[in-house]
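Q: What follows is a single structure, and I will ask about it in a moment.
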Amino acid sequence: PDLSMILNGSLAGLVGITAGADVFDPATSILVGLISGLLVVSSVLYLDSRKIDDPVGAIAVHGINGLFGTIAVGVFASDGGLFFGGGSSQLITQIIGVLSIAVFSFIFTFIIMTILKKTVGIRITREEEIAGIDSVSFGISGILATCLWAKKKYLCAADWLPLISLMNKSLSTSVPSSKGLFTAASI
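This note's numbering puts the first residue of the sequence shown at 559, with every later residue one more than the last.
Here it is in structure tokens:
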């Protein structure tokens with residue numbers, strides 16, 4: 559069992575039932591939540607296999623399961639859903655809605671990201687990338703936070719002390735504002 563997958567499965571279930579919270583009965587909510595939990599696992603594995611950068615599973619949790627949950631309204635709505643005698647009109651409406659939102663979001667995001675790329679930039683520096691953006695921005699790396707939570711699943715704080723010293727030495731020579739960025743207290 560992977561803690562992040564367990565948490566993402568729970569979140570995916572909530573995301574999946576959100577669009578239909580007012581039209582799903584309790585049993586249908588459980589079914590949609592369970593499907594969402596399975597869908598998030600397969601989505602994370604697929605995105606990882608395609609080398610799509612989604613380190614916390616946000617695309618799988620919110621994107622994929624938001625899409626699924628919205629379409630599920632057209633299928634499982636207790637009043638008007640395809641499986642409850644409502645025909646396909648609600649399902650078609652939900653699909654049109656999902657496609658409209660996807661097209662709008664893609665175009666708007668493309669425009670904004672193009673403007674940002676040409677003005678202030680959208681990439682971090684190579685040094686920040688090597689150090690890890692969590693380390694530079696928040697003073698702790700994602701793996702160290704995971705280590706503290708997992709208790710020996712990877713390595714724990716004491717195992718990282720020699721590495722912290724080495725990271726401080728190499729980073730302080732390349733990024734002057736990072737002197738002493740990594741400390742035992744930050745773990």
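C-beta: ideal position from N, C-alpha, C; glycine also.
Which of the three DSSP states, helix, strand or coil, is assigned to A689?
A: Here residue 689 is taken as the residue at index 131 of the sequence shown, counted from 1. Of the three classes helix, strand and coil, the one that applies to A689 here is helix, per DSSP.
Q: Within its chain, find whatever has a CB closer than 7 Å to the CB of G567; leave out the 5 residues flanking it on each side and keep chain order.
A: Looking up residue 567 in the sequence shown gives position 9. Excluding sequence neighbours, G567 sits near G595, V598 and V599.
Q: Go through its chain and collect everything with a Cβ distance to L649's Cβ below 8 Å, but skip five positions before and after it.
A: For the purposes of this step, residue 649 is taken as residue 91 along the sequence shown, with counting starting at 1. Here the set comprises I629, G632, V633, G639 and L640.
Q: Alpha helix (DSSP H) containing F641: first to last residue?
A: If you number the sequence shown from 1, residue 641 lands on position 83. Note, F641: premise wrong, no alpha helix (DSSP H); not H, not E.
Q: Any idea what DSSP makes of D606, helix, strand or coil?
A: The residue given as residue 606 occupies position 48 in the sequence shown. Of the three classes helix, strand and coil, the one that applies to D606 here is helix, per DSSP.
Q: Have a look at V581 and A635 and give me their C-alpha separation to the nearest angstrom.
A: The sequence position of residue 581 within the sequence shown is 23, counting from 1. The sequence position of residue 635 within the sequence shown is 77, counting from 1. Spanning the two alpha carbons is a distance of roughly 5 Å.
Q: With DSSP collapsed to three states, give me the class of P613.
A: The sequence position of residue 613 within the sequence shown is 55, counting from 1. Three-state DSSP puts P613 in coil, outside helix and strand.
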